[in-house]
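Participant:
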Amino acid sequence: MRAVTAQAPGQISVEEVPDAALPGPAGAVVRVEAAAICGSDLHFYDGDLPFYPVAVGHESIGTVTEIGADVARFGVGDRVLVSSVAGCGACAGCATLDPVACTGGAKVFGSGELGGAQSDLLAVPAADFNLLRIPEGVSDEAALLLTDNLGTGWAAATRADFEPGETVVVLGLGAVGQCAVRCAIALGARVLAYDPVEGRRALAEAAGATALPDDVVPAVLEATGGRGAAAVIDAVGHNATVDTAFAAVRSTGTVSVVGIHDLEPYPLQLLMGTFRSITLRMTTAPVHRTWGELLPLIADGRLDTTGIFTHTFDLDDAAEAYAAVASRSADCLKVMLIP
Ligand SMILES: NC(=O)c1ccc[n+]([C@@H]2O[C@H](COP(=O)([O-])OP(=O)(O)OC[C@H]3O[C@@H](n4cnc5c(N)ncnc54)[C@H](O)[C@@H]3O)[C@@H](O)[C@H]2O)c1
Ligand SMILES: [Zn+2]
Ligand SMILES: [Zn+2]
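Take any residue in the sequence shown, count from 1 to its spot, add 1113: that is its number in our numbering.
1. When we look at the beta-carbon of residue 1212 and count the other beta-carbons within 10 Å, is it buried (16 or more) or exposed?
2. How far does the beta strand (DSSP E) with residue 1282 in it reach, from first residue to last?
3. Inspect the CB distances between the region 1171 to 1179 and the region 1120 to 1129 and report whether three or more fall short of 8 Å.
4. Between the region 1257 to 1267 and the region 1276 to 1292, do at least 3 Cβ pairs fall closer than 8 Å?
5. Tell me whether residue 1325 is buried or exposed, calling it buried when 16 or more other Cβ atoms sit within 10 Å of its Cβ.
6. Quick check on the DSSP output: what are the complete beta strand (DSSP E) runs of length 3 or more inside the region 1336 to 1422, in order along the chain?
7. Classify residue 1184 as helix, strand or coil using the three-state DSSP reduction.
8. Could you tell me which residues DSSP puts in a beta bridge with residue 1195?
9. Within the present structure, is the beta-carbon of residue 1179 separated from the nearest heavy atom of ligand 2 by less than 7 Å?
10. Thinking just about the alpha-carbon of each residue, which of 1312, 1359 and 1315 is nearest to the one in residue 1329?
11. In terms of alpha-carbon separation, which member of 1144, 1179 and 1198 lies closest to residue 1153?
12. Quick check on residue 1124: does DSSP put it in helix, strand or coil?
13. Run the proximity test for residue 1216: is its beta-carbon closer than 7 Å to any non-hydrogen atom belonging to ligand 3?
14. Tell me whether residue 1417 counts as near ligand 2, meaning its Cβ is closer than 7 Å to at least one heavy atom of that ligand.
15. So the alpha helix (DSSP H) residue 1258 belongs to, where does it begin and stop?
16. Looking only at its own chain, which residues have a Cβ that is under 8 Å from the Cβ of residue 1194, when we skip the five neighbours before and after it?
17. Could you say if the region 1334 to 1344 and the region 1355 to 1370 meet the contact criterion of at least three C-beta pairs nearer than 8 Å?
18. Taking the DSSP output, what are the residues bridged to residue 1323?
19. Evaluate contact between the region 1303 to 1320 and the region 1371 to 1383, counting only Cβ atoms and requiring at least three cross-stretch pairs below 8 Å.
20. Taking C-beta to C-beta, are residue 1235 and residue 1145 nearer than 8 Å?
21. What is the rounded straight-line gap between the Cα of residue 1389 and the Cα of residue 1280?
22. Considering only C-alpha positions, which residue in the set 1221, 1181 and 1182 is nearest to residue 1082?
23. If you check the beta carbons only, do residue 1238 and residue 1138 fall under 8 Å apart?
24. What is the rounded straight-line gap between the Cα of residue 1232 and the Cα of residue 1428?
25. If you draw a straight line from the alpha carbon of residue 1354 to that of residue 1384, how long is it in whole angstroms?
26. Kindly say whether residue 1235, judged by its beta-carbon, lies nearer than 8 Å to any beta-carbon of chain C.
27. Please look up how many angstroms separate the CB atoms of residue 1425 and residue 1446, rounded, as I've assumed it's under 8 Å.
28. When you measure from the CB of residue 1151 to every non-hydrogen atom of ligand 1, does any distance come out below 7 Å?
29. Are the beta-carbon atoms of residue 1226 and residue 1418 separated by less than 8 Å?
30. Just checking residue 1203 against ligand 3 - is the residue's beta carbon closer than 7 Å to any of the ligand's heavy atoms?
31. Quick one: residues in its chain with C-beta nearer than 7 Å to the C-beta of residue 1439, no 5 flanking neighbours on either side, listed in chain order?
32. Can you name the start and end residues of the alpha helix (DSSP H) that residue 1146 belongs to?
33. Between residue 1217 and residue 1201, how many whole angstroms is the CB-CB distance? I'm expecting something under 8 Å.
34. Would you decide whether residue 1387 is buried or exposed? Buried here means 16 or more other CB atoms lie within 10 Å of its CB.
35. Please confirm whether any heavy atom of ligand 3 lies closer than 7 Å to the CB of residue 1137.
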């Protein structure tokens, strides 16, 4: 089978590798029909996470082609989405529906521990836990977003501690930030959004946010009567954006970080945070838990999942696809790869 592989910074190749095999009696093999490129894959491409070679991709949908003897809820031929984050499905942590709480350790596809989802076949452990049958009426785009980005935006917003009507700032308007904007608005927030790319700000405005200028902090203070935002969601994860988040949040507010930082420590100003009673939350998406919360919102139109995928490439053209999405241009926001 083919597997998209990061070989070095800026170097993506499509490799021929052995077919994915059934990962034990609780597992399944999925024939991937579409996979997406996430900002998290770009950390390998950009060299922030320099672990090579690595078969990449953790956002996929497809059809079950092989099923372990112990799997109760799925069968060959089922059309499924695969959670980007996998848990064992059998421990007390997984019983909370948050794979991050798995006592065996959460595992992410396409980061070395599990196979990459940007491939022809994907081996999925604990299939009863890590798969979701794609409900009638859910588009491929929505299903792909439910593997990761929408659950991340939802968790960023639900963990940001704001009340309806309060002001929430979203920093970074890639696919994750766009999802956070839409989720925060669905939860009743007044959203102010910033990204250096103008077209990405325009997309957030089309979803109901107000765009912020480059000088973010004074603009937030002005928009909140000098008080600061109830919450700031950081969907970038750079030192600069965390700094901005602390400066733009009101005292007693919440900084909700979902952007993935590089390997260097962040110089947290503990004294400032304590004096101002700031809550700092950092979240890896509790993907499985978000499904039950997000599907009704998608079904009744309270959450729009359109307009986030902008391009589709053949899996064989993955190098071109990565270059396009890594340029972080206004027109190329999120890419679907078709095996
Ligand atoms: N926590 C999780 O579970 C989880 C899940 C998925 C992705 N992520 C992470 O979320 C982040 C965003 O992912 P994405 O797919 O949207 O990636 P992306 O690279 O498309 O988006 C990042 C955006 O940040 C913008 N940006 C750069 N510098 C900025 C600044 N100073 N201020 C504001 N915006 C700035 C870029 O222009 C870009 O639009 C990545 O770090 C990714 O790894 C986390
Ligand atoms: Zn992702
Ligand atoms: Zn577990």
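Even for Gly, the Cβ is constructed at its ideal location relative to N, Cα and C. Everything numeric in this text was worked out from a predicted model, so none of it was measured.
Facilitator: According to the structure data:
1. Along the sequence shown, one-based indexing puts residue 1212 at 99. That one is buried.
2. Translated into positions along the sequence shown, residue 1282 becomes position 169. Note, residue 1282: beta strand (DSSP E), 1280 to 1284.
3. no
4. yes
5. Taking the first residue of the sequence shown as 1, we reach residue 1325 at position 212. Buried: at least 16 other Cβ atoms inside 10 Å.
6. 1342 to 1347, 1362 to 1370 and 1392 to 1395
7. The residue you call residue 1184 lines up with position 71 of the sequence shown. Residue 1184 falls in the coil class under three-state DSSP.
8. Position 82 of the sequence shown, counted from the first residue, corresponds to residue 1195. DSSP, once it has assigned bridges, lists 1173 and 1244 as partnering residue 1195.
9. Position 66 of the sequence shown, counting from 1, holds the residue named residue 1179. Not so, every heavy atom of ligand 2 lies at least 7 Å from the Cβ.
10. Sequence index remark: in the sequence shown, residue 1329 carries index 216 (1-based). Out of 1312, 1359 and 1315, 1359 has the C-alpha closest to the C-alpha of residue 1329.
11. Mapped onto the sequence shown, residue 1153 falls at position 40. It is 1198.
12. Counting from 1 along the sequence shown, the entry for residue 1124 is found at position 11. Strand, per DSSP.
13. Sequence index remark: in the sequence shown, residue 1216 carries index 103 (1-based). Yes, since a heavy atom of ligand 3 falls inside the 7 Å radius drawn around the Cβ of residue 1216.
14. Stepping through the sequence shown from its first residue, residue 1417 is reached at position 304. Checking every heavy atom of ligand 2 against the Cβ of residue 1417, none is found closer than 7 Å.
15. The residue given as residue 1258 occupies position 145 in the sequence shown. Looking at the DSSP string, the run of the alpha helix (DSSP H) that includes residue 1258 is 1253 to 1259.
16. The sequence position of residue 1194 within the sequence shown is 81, counting from 1. 1173, 1174, 1244, 1245, 1247, 1256, 1257, 1259 and 1260, listed in sequence order.
17. yes
18. Against the sequence shown, residue 1323 aligns to sequence position 210. According to DSSP, residue 1323 bridges with 1305.
19. no
20. Taking the first residue of the sequence shown as 1, we reach residue 1235 at position 122. Taking the first residue of the sequence shown as 1, we reach residue 1145 at position 32. Yes, these two residues count as a Cβ contact at 8 Å.
21. Position 276 of the sequence shown holds residue 1389. Position 167 of the sequence shown holds residue 1280. One C-alpha to the other measures close to 18 Å.
22. In the structure as shown, the chain begins at 1114 and stops at 1452. Residue 1082 is therefore absent and cannot be evaluated.
23. On the sequence shown, residue 1238 is found 125 positions in, with the first residue counted as 1. On the sequence shown, residue 1138 is found 25 positions in, with the first residue counted as 1. No, they are not a contact pair.
24. By 1-based counting over the sequence shown, the position of residue 1232 is 119. By 1-based counting over the sequence shown, the position of residue 1428 is 315. The alpha-carbon atoms of residue 1232 and residue 1428 are separated by roughly 8 Å.
25. Mapped onto the sequence shown, residue 1354 falls at position 241. Mapped onto the sequence shown, residue 1384 falls at position 271. So the alpha carbons of these two residues sit roughly 19 Å apart.
26. Absence of chain C from the displayed structure is noted, only one protein chain being present.
27. For the purposes of this step, residue 1425 is taken as residue 312 along the sequence shown, with counting starting at 1. For the purposes of this step, residue 1446 is taken as residue 333 along the sequence shown, with counting starting at 1. Actually they are not in contact, since the Cβ atoms of residue 1425 and residue 1446 sit about 13 Å apart, beyond 8 Å.
28. Here residue 1151 is taken as the residue at index 38 of the sequence shown, counted from 1. Yes; taking the cut-off as 7 Å, the Cβ of residue 1151 has a heavy atom of ligand 1 nearer than that.
29. Translated into the one-based positions of the sequence shown, residue 1226 becomes position 113. Translated into the one-based positions of the sequence shown, residue 1418 becomes position 305. It is not a contact, given that the beta carbons lie outside the stated cut-off.
30. Here the question's residue 1203 lines up with position 90 in the sequence shown. Correct: residue 1203 has its Cβ closer than 7 Å to ligand 3.
31. The residue you call residue 1439 lines up with position 326 of the sequence shown. Excluding residues within five positions, the ones whose Cβ falls inside 7 Å are 1155, 1158 and 1159.
32. Walking along the sequence shown from the start, residue 1146 turns up at place 33. Where residue 1146 is concerned, there is no enclosing alpha helix (DSSP H), although the beta strand (DSSP E) it sits in stretches over 1141 to 1150.
33. The residue given as residue 1217 occupies position 104 in the sequence shown. The residue given as residue 1201 occupies position 88 in the sequence shown. Confirmed, about 4 Å.
34. Stepping through the sequence shown from its first residue, residue 1387 is reached at position 274. Answer is exposed; the Cβ neighbour count stays below 16.
35. Translated into the one-based positions of the sequence shown, residue 1137 becomes position 24. Because no heavy atom of ligand 3 lies under 7 Å away, the Cβ of residue 1137 does not count as near it: no.
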